[in-house]
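See structure below.
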Amino acid sequence: MSEDKEILIDGVRGLEDKSGTTGRSWPDDPENTATALKEFRYLSEPMSDAEAKRQMSTRSRRGFLVGGMAGLLGIFGWRWMPDETKSALLRRTLEFNERVSQVFYSPKRLAPEFPPSRITAARYNGALGLENEITASDWRLNVAGIGRGSAFTIEQIKAMPRTEMITEFKCIEGWSTIVHWTGVRVSDLVAACGGGSPNDLPRYVAMKTPDEKYYVGWDIEAIMHPQTLLAYEMNGVPLTNEHGAPLRLASPTKYGIKQIKRIGSIEFTNERPRDYWAENGYDWYAGL
Amino acid sequence: MDKQLEKKHPLAVRWMHWINFPLLALMIWSGLLIYWANAVYSLRLGSYEVFHFFPAGFYETLGIPFRLAEGLQLHFFFMWLFTINGIAYIIYTFLSGEWRALLPVPASFRRAPLVALHDAHIVKSKPPQGKYNDAQRIAYTGVILMGAGSVITGLSIYKPTQIGWLTSLLGGYEWARWEHFWLMVLFVLFFGVHVFQVAMAGWANFRSMITGYDVVDAEKPTTPKEETVEV
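As you go down the protein sequences, you meet chains E and B in turn.
Under numbering that gives the first Met the number 0, the first residue of the first sequence carries the number 0, and numbering increases by one thereafter.
Under numbering that gives the first Met the number 0, the first residue of the second sequence carries the number 0, and numbering increases by one thereafter.
This is how it looks when you write it as structure tokens:
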């Protein structure tokens, strides 16, 4: 059946104008929505019952064949795709999403801050890198890759400009808590080390616990965000061990997996750093 | 000369409809893998929990537990296809004029209950109908709005700092996640009703969504000239 035999019908009058024959019309009810919105119908020339059956079975055969093939192609294409190809495809998509996020990223966009009344009970989740005991006096924050590079004691960190924020902590598992953080902006630490603006700095930051069992990588834009803190207090009291004493990262720009506890070293680097959870199938960027 | 073929569904709409079916299923599936990690929603009557989403047996049967990372990867892959397909559908619907068959008018909301009563065999008289009746117009427009809602609430929980204004507009991060979840439940309910109605409507209707065509009885001519001919 050729397509040009189809007749556009806009009610009965339209059909009369175009072909001199008439097709079905809807009840001439002004309240009929189809009439009110001037819906069209597309009808072929009248034909015999047998001819209609013949044309429909041709169309059915074609339609179901194409549809069935497309469906099977989809199912078996996905099933038979080698695992490496599949995981590469999904990993590259996460990286594509990261680039899209980076295009729209602005350090001026701040996460909402909340009144103290909204603070919720802190939630503890995960002790990776916290297994062994450390003594606060032995602890140092080792900074590399900017300025002279140096090691800071917790007292030296606390002597830097103090920043507080009450922000929503988001776990990649889907839960969230509202936390009062007190600490030093990473950007203030960078300034103290003689580093410049994000544009002049290396592209990435690698951070590790002292035992190097937990490690995260950040992009420079998010680590320099004004709400990215090296926190030493949580909800008004010094960090407990399980929440990452003596110093941890806190930021509403990334999920909790990126907010490394008991941070031992920060290295600014142009090489994309390893990341514990990225190596376990999660998004490297994990940016909010 | 007593039949006509009616072209009901354009090729583009058929493809987009059928592509959307596995895409939506994959979005729901990967969403469940994600939701499992923080499965906090339930249906409540006051303080009584009627149904918790979801019972342990549900997760075990479907093999959902401990697949969060996989769920996130799939969700953030298929989200593109789902969104692109949805936007393409909306653009096509407006450019082609198909919207005339799909949008409800204010009176549709008054007539839709009559359609439901007719479908339940309580009301005999047939409701006015173009390609779709008023209840269908509301449902098919509503499901597109639900899709848009899923994309918007999804985006607001995906980037709640960078698109914080949107997240705040939706009532904050936790509410947006709740909204995203319930839209999924609505999709599942829509799917159930849709499949039931298609089954009730019969084979020719289903076939028209595959082939695009349906066979209808040709009308008796009504113009005076042709009536003369016929006599």
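Glycine included, every Cβ here is placed at the ideal spot set by N, Cα and C.
>> Within a Cβ cutoff of 6 Å, which residues of the same chain sit near residue 165(B), ignoring the five residues on either side of it in sequence?
In response: One-based indexing of the second sequence puts residue 165(B) at position 166. Only 155 meet the Cβ criterion.
> Hey, quick one: how far does the beta strand (DSSP E) through residue 94(E) stretch, first residue to last?
Replying inline: To locate residue 94(E), count along the first sequence from 1; it is residue 95. No beta strand (DSSP E) holds residue 94(E); the alpha helix (DSSP H) holding it covers 82-103.
> Which runs of the alpha helix (DSSP H) spanning at least 4 residues fall entirely within the region 107-182 of chain E, listed in chain order?
Replying inline: 153-157
> Going along the chain, which residues of the region 163-176 of chain E sit with their C-beta nearer than 8 Å to a C-beta in chain B?
Replying inline: 167, 169, 170, 171, 172, 173, 174 and 175
> Which runs of the alpha helix (DSSP H) fall wholly inside the region 25-91 of chain B and span at least 4 residues, in chain order?
Replying inline: 55-61
>> According to DSSP, is residue 184(B) part of a helix, a strand, or is it coil?
In response: Sequence index remark: in the second sequence, residue 184(B) carries index 185 (1-based). Three-state DSSP puts residue 184(B) in a helix.
> Since residue 268(E) sits in a beta bridge, which residues does DSSP pair it with?
Replying inline: In the first sequence, counting from the first residue as 1, residue 268(E) sits at position 269. BP columns for residue 268(E) point to 203(E).
> Between residue 31(E) and residue 49(E), what straight-line distance do the alpha-carbon atoms span, to the nearest angstrom?
Replying inline: Within the first sequence, numbered from 1, the residue matching residue 31(E) stands at position 32. Within the first sequence, numbered from 1, the residue matching residue 49(E) stands at position 50. Going from the Cα of residue 31(E) to the Cα of residue 49(E) covers about 33 Å.
> From the beta carbon of residue 274(E), is the nearest beta carbon of chain B less than 8 Å away?
Replying inline: Residue numbering aside, residue 274(E) sits at position 275 when the first sequence is read from its first letter. Closer than 8 Å: no.
> Three-state secondary structure (DSSP) at residue 185(E)?
Replying inline: Translated into positions along the first sequence, residue 185(E) becomes position 186. Residue state, collapsed to three classes: helix.
> Ends of the beta strand (DSSP E) at residue 2(B)?
Replying inline: In the second sequence, the residue the question calls residue 2(B) occupies position 3. It spans 2-6 - the beta strand (DSSP E) in which residue 2(B) sits, taken as one unbroken run.
> Alpha carbon to alpha carbon, what distance is there between residue 98(E) and residue 81(E)?
Replying inline: Taking the first sequence and counting its residues from 1, one reaches residue 81(E) at position 82. Taking the first sequence and counting its residues from 1, one reaches residue 98(E) at position 99. So the alpha carbons of these two residues sit roughly 26 Å apart.
> Taking C-alpha atoms, which residue in 65(E), 77(E) and 90(E) lies nearest to residue 277(E)?
Replying inline: Here residue 277(E) refers to the residue found at position 278 when the first sequence is read from its first residue. Nearest C-alpha to residue 277(E): 90(E).
>> Going residue by residue through the region 28-79 of chain E, where are the continuous alpha helix (DSSP H) segments of at least 4 residues, counting only ones entirely within it?
In response: 32-35 and 48-79
>> Give me, in chain order, the residues of the same chain whose beta-carbon lies closer than 8 Å to that of residue 77(B); leave out the 5 immediate sequence neighbours on both sides.
In response: If you number the second sequence from 1, residue 77(B) lands on position 78. Closer than 8 Å at Cβ, skipping near neighbours: 22, 25, 26 and 29.
>> Given this structure, state the Cα-to-Cα distance separating residue 213(E) from residue 204(E), to the nearest angstrom.
In response: Taking the first sequence and counting its residues from 1, one reaches residue 213(E) at position 214. Taking the first sequence and counting its residues from 1, one reaches residue 204(E) at position 205. Computed Cα separation, rounded: 14 Å.
> Secondary structure at residue 257(E), three-state DSSP: helix, strand or coil?
Replying inline: As a working note, residue 257(E) is residue 258 in the first sequence. The answer is helix: DSSP assigns residue 257(E) an H, G or I state.
>> Between which residues of its own chain and residue 211(B) is the CB-CB distance below 8 Å, once the five residues before and five after are set aside?
In response: The residue you call residue 211(B) lines up with position 212 of the second sequence. Excluding positions up to five away in sequence, the list reads 6, 7, 8, 9, 10 and 13.
> Quick one: Cα of residue 137(B) to Cα of residue 183(B), how far?
Replying inline: Translated into the one-based positions of the second sequence, residue 137(B) becomes position 138. Translated into the one-based positions of the second sequence, residue 183(B) becomes position 184. Taking the straight line from one Cα to the other gives about 18 Å.
> Can you name, in chain order, every residue of its own chain whose Cβ lies under 8 Å from the Cβ of residue 235(E), other than the five neighbours on each side?
Replying inline: Here the question's residue 235(E) lines up with position 236 in the first sequence. Cβ neighbours of residue 235(E) beyond the five flanking positions: 179 and 181.
>> Check whether the region 32-46 of chain E and the region 125-137 of chain B touch, using three or more Cβ-Cβ pairs below 8 Å as the test.
In response: yes
> Span of the alpha helix (DSSP H) holding residue 283(E)?
Replying inline: For this step, residue 283(E) is matched to residue 284 along the first sequence. No alpha helix (DSSP H) contains residue 283(E), which DSSP labels as neither H nor E.
>> Residues of chain B with CB closer than 7 Å to the CB of residue 41(E), please, in chain order.
In response: As a first step, residue 41(E) is located in the first sequence; it is residue number 42 there, counting from the start. Within chain B, the residues near residue 41(E) are 5 and 6.
> Is the beta carbon of residue 289(E) sitting closer than 8 Å to the one on residue 221(E)?
Replying inline: What the structure shows of chain E is the stretch from 0 to 287, and residue 289(E) is not part of that stretch, so it cannot be assessed.
> What is the DSSP secondary structure of residue 167(B), reduced to helix, strand or coil?
Replying inline: Your numbering for residue 167(B) matches position 168 in the second sequence. Residue state, collapsed to three classes: helix.
> Interface residues of chain E around residue 136(B) at Cβ under 8 Å?
Replying inline: Translated into the one-based positions of the second sequence, residue 136(B) becomes position 137. Here the neighbours are 32.
> To the nearest angstrom, how far is it from the Cα of residue 185(E) to the Cα of residue 105(B)?
Replying inline: Against the first sequence, residue 185(E) aligns to sequence position 186. Against the second sequence, residue 105(B) aligns to sequence position 106. Roughly 56 Å separates the two Cα atoms.
>> Using beta carbons (cut-off 8 Å, strictly below), is residue 158(B) in contact with chain E?
In response: The count along the second sequence starts at 1 and reaches residue 158(B) at position 159. Answer yes: the Cβ-Cβ gap between residue 158(B) and chain E drops below 8 Å somewhere.
> CB-CB under 8 Å to residue 173(E), same chain, minus the five flanking residues each way: which ones, in chain order?
Replying inline: In the first sequence, residue 173(E) corresponds to position 174, counting from 1. Excluding positions up to five away in sequence, the list is empty.
> Taking C-alpha atoms, which residue in 167(B), 178(B) and 15(B) lies nearest to residue 66(E)?
Replying inline: As a position in the first sequence, residue 66(E) is number 67, starting the count at 1. Looking at the Cα atoms, 15(B) is the closest of the given residues.
> Would you say residue 140(B) faces chain A, with C-beta separation under 8 Å as the test?
Replying inline: Given the protein chain composition of this structure (E and B), no chain A is represented.
> For chain E, is any of its Cβ atoms less than 8 Å away from the one on residue 197(B)?
Replying inline: Against the second sequence, residue 197(B) aligns to sequence position 198. Chain E contact via Cβ: absent.
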